[in-house]
Amino acid sequence: MEITTSAPGTNRSRRRPSDTETRDAPTPHKTAYLHFCSTRRDDVAAAHSLWSVQQVTSELGKEWKVLTPAERKPWVELALFDKARFQNEAHQYVEQQQADEQPVRLRVPFRRKKKDSEPRQPDTAYICFWKSRRREVVTANPTLAAPLVSKEVGRQWKALSDEDRQVWVDMAAKDKHRFQEEIARLHPTLTASPKIPPSIKAPLKDPFAPKPAKTGFQLFMKHNRESFTLLNMTLNEFRAEMSQLWKRLSDADKVAWYEMAKQDQLRYETEMNAYTPPAYMSSVLQHADNHIDKLKRLAREDESAPRLPISAYSFYLSSERQDLQKRLPGLKHNEIMREMGVAWKLLEVADRAPYQRKAEQDVDRFRTEMEVHLARQEDHREAECTDKRQNRKRKPQHERIDAGFLEDKKEATATRKKRKSAHPRRPKTAYNLMYMSKRTELLATYQMSHNECSALCGRLWRQMSESEREPFKRMAAEDKRRYQAELEFFKTQEGEANVQVLRESLGFCTFLETKRRENPGISENEVVALWESKSEPHRVLWGEFGQGSSQTTSSISKDNASILEKEQKQLEENTQLMLTARGMNSDDGREFSPPHRDLRGEDTIDFGEFS
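For the sequence shown, the positions run 1 to 611 when full-length UniProt numbering is used.
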């Protein structure tokens with residue numbers, strides 16, 4: 001996919017557009033200022049027929065600067081309509097070209113913003129010549145206009161031979177080498193590559209939509225922002241100072257700001273109720289983005305929902321992170337993530353394309369699975385409602401009266417069901433406690449993401465002295481003592497519950513009854529110890545014996561002695577077959593003696609060989 005980027009309103013690229021690009025590719029969108037210029041240019045040129053193109057453009061810029069926000073609003077909305085048109089056409093064009101297996105050529109207008117830390121771009125041979133000769137041309141012709149000076153320098157450049165130009169070509173190569181060294185010094189693991197604009201499918205935002213409500217701290221900062229110009233401090237220093245002042249305010253002093261925040265929240269809700277999104281917000285792509293956002297919100301609230309889609313950067317991170325760790329094994333986690341983020345920002349469009357395709361496929365997967373999941377939930381709810389309506393029977397009148405009479409008593413006497421005691425919360429470290437105390441303040445003050453907040457807290461913790469860390473260490477030690485006490489109590493409760501469940505099991509009851517019949521003086525704790533020494537298959541067999549004995553009658557007459565003898569033989573044969581199948585023999589080779597039924601109809605087991 002080939003994307004040509006250029007600043008709006010400029011014509012720096014001398015490449016002639018291909019027929020395919022001219023005929024099929026969508027026209028790039030214009031900014032609000034370009035729409036204003038294209039509408040007003042003819043009127044200004046007609047009013048000043050002797051003016052040059054540069055003078056007309058200068059006049060248009062002056063007119064644009066004096067416009068109020070209300071007067072600029074039509075042009076801003078027109079630019080957003082044009083951007084929505086370009087996004088829809090570009091989306092359809094890319095899909096069509098990919099379906100036809102044709103190259104995609106798009107001109108995406110953007111304005112590149114250079115960071116302060118980035119090195120200066122290398123100069124070409126002509127720029128080196130222009131910088132060297134311009135001063136001489138201006139000195140020789142002081143009354144010459146700037147465009148004519150550039151034309152004169154260009155004429156001199158064209159008149160140079162290849163041998164004369166070689167000096168400037170060498171200077172350009174040297175400057176390019178300088179640029180590559182600075183890039184390598186700034187990011188040792190990266191190579192120089194141009195910055196790429198964001199995706200053309202980014203959702204649109206209405207600049208005239210109601211502004212979100214502010215918190216009490218944000219209103220406090222806005223009130224004191226006038227004093228910022230009088231103080232010699234940076235914006236970050238001002239925010240830190242306001243944060244310290246806000247902490248020192250009492251609760252009574254903060255009430256006024258909280259009331260202002262409530263009023264601002266009411267203002268926002270009122271404006272949103274009366275707000276109607278513009279037409280360009282209802283495009284197909286915008287609807288698709290809103291639908292995906294809604295599905296993501298539902299998926300976060302449902303534990304059984306499908307997995308959320310993965311971004312293109314996450315795919316890139318999972319594929320390239322291990323390679324970076326192998327090349328630089330000494331880097332820490334934060335340094336690796338920082339290097340990966342910088343590398344992602346400097347990737348070219350062709351290098352990003354595979355990861356973006358994977359991300360789009362994952363979004364399609366999530367949309368399909370989530371829609372199926374929601375449809376199943378709806379069918380399940382409808383089936384439950386149908387079953388309830390079918391199973392509902394009208395009770396007699398006296399029963400309905402009794403139920404209504406007892407309903408109030410149930411509400412008065414009903415108690416909440418006891419919850420099962422959970423494992424105690426694990427203790428927090430001193431750093432965790434520091435992070436929890438600083439997180440809310442940092443997020444409200446610096447308007448940063450959670451990852452940036454975590455990195456900043458890590459730097460603050462490393463810069464703290466031992467005396468500054470001491471309060472958090474004391475809280476961590478106290479939290480650890482709390483955890484140990486709760487854990488000991490939890491284990492005690494869990495052990496008691498396990499013993500209670502053990503004593504209520506059918507197999508243990510049968511085992512206990514048999515042991516007490518053999519030895520009336522044995523205690524229950526001794527029987528529990530014997531039971532715990534048995535293997536799991538033996539316990540299962542005791543449960544089966546107890547279940548079989550519970551199903552027999554307790555009263556048997558003496559006339560059934562012959563029947564009992566036959567049942568005893570059959571029981572011994574079945575038990576022997578069961579033990580042979582399960583491989584349950586004693587450690588010394590002696591077989592387990594199965595229970596036998598006496599003339600009273602009770603099961604007994606001979607433990608002389610096995611216990």
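Note that beta-carbon positions come from the ideal geometry of N, C-alpha and C, so glycine has one too.
Quick caveat, the model's predicted, so the values are computed rather than measured.
Arg462 and Leu78 have their C-alpha atoms roughly 51 Å apart.
Uninterrupted alpha helix (DSSP H) stretches at least 4 residues long and entirely within the region 24-107 occur at 32-47, 53-65, 69-99, given in chain order. For Gly507, same chain residues with a beta-carbon under 6 Å away, outside a window of 5 residues either side, are Arg539, Trp542, Gly543, Gly546 in chain order. Here the alpha carbon of Gln244 sits roughly 14 Å from the alpha carbon of Leu443. In the DSSP assignment, Met260 falls within the unbroken alpha helix (DSSP H) covering 251-274. In this structure, Ala125 sits away from Ala184, with a CB-CB distance that is not shorter than 7 Å. Taking Cys37 as the centre and dropping the five residues before and after it, the same chain places the C-beta of Leu60 closer than 7 Å to its C-beta, in chain order.
Taken atom to atom, the span from the alpha-carbon of Val527 to that of Pro520 is near 11 Å. With contact defined as three or more Cβ pairs closer than 8 Å, the region 211-218 and the region 160-169 are not in contact. Burial of Cys128 is indicated by the presence of at least 16 other C-beta atoms within 10 angstroms of its C-beta.
Inclusion of His35 and Trp75 in the CB contact set at 7 Å is warranted, their separation being smaller than that value. Per the coordinates, the alpha-carbon of Leu295 lies some 31 Å from the alpha-carbon of Ala261. A direct Cα-Cα distance of roughly 29 Å separates Pro207 from Gly341.
Within the region 465-545, the complete alpha helix (DSSP H) segments of 4 residues or longer fall at 466-504, 506-518, 524-533, listed in chain order. Beyond the five residues adjoining it in sequence on each side, Ile522 comes within less than 8 Å, by CB distance, of Lys515, Arg516 in the same chain, given in chain order. Here Ala430 is buried, its C-beta having at least 16 other C-beta atoms within 10 Å. DSSP places Ile310 in the coil class of the three-state scheme, outside both helix and strand. Put simply, the region 325-334 does not touch the region 343-361. Fewer than three CB pairs are less than 8 Å apart. Considering only Arg459, Arg426, Pro424, His423, the residue with the shortest C-alpha distance to Met434 is Arg459. Between Pro147 and Ala90, the C-beta spacing is not below 7 Å.
Taking a C-beta distance under 7 Å as the contact criterion, Lys131 and Asp82 do not qualify as a contact pair. The beta carbons of Asp479 and Pro424 sit about 11 Å from each other, so the pair does not count as a contact at 8 Å. Annotation: Asn432 to Phe220 spans about 29 Å, alpha carbon to alpha carbon. No Cβ-Cβ contact shorter than 7 Å links Gly216 with Tyr268. Remark: fewer than three beta-carbon pairs, one from each stretch, lie closer than 8 Å, so the region 371-389 and the region 309-317 are not flagged as touching. Minimum Cα-Cα distance from Lys254 among the listed residues Gln218, Ala497, Val349, Ala84 corresponds to Gln218.
Cys457 is classed as buried because its beta carbon has at least 16 other beta carbons within 10 Å across all chains shown.
The three-state secondary structure of Ala145, taken from DSSP, is coil. Taking 7 Å as the cut-off, the beta carbon of Pro306 is found closer than this to the beta carbon of Glu369.
Linking Pro119 to Glu181 through their CA atoms gives a straight-line distance of about 10 Å. With respect to the C-alpha of Phe472, the residue from Glu452, Glu382, Ser437 having the closest C-alpha is Ser437. With a contact defined as Cβ atoms closer than 8 Å, Pro309 and Phe366 qualify at about 4 Å. By alpha-carbon distance to Lys73, the top candidate from Asp42, Tyr33, Arg41 is Tyr33. Between the C-alpha atoms of Ala45 and Trp51 there is a straight-line separation of about 7 Å. Of the other Cβ atoms in all chains shown, 16 or more fall within 10 Å of the Cβ of Val153; this residue is therefore buried. Nearest C-alpha to Leu374 among Glu335, Arg357, Ala383, Ala299: Ala299.
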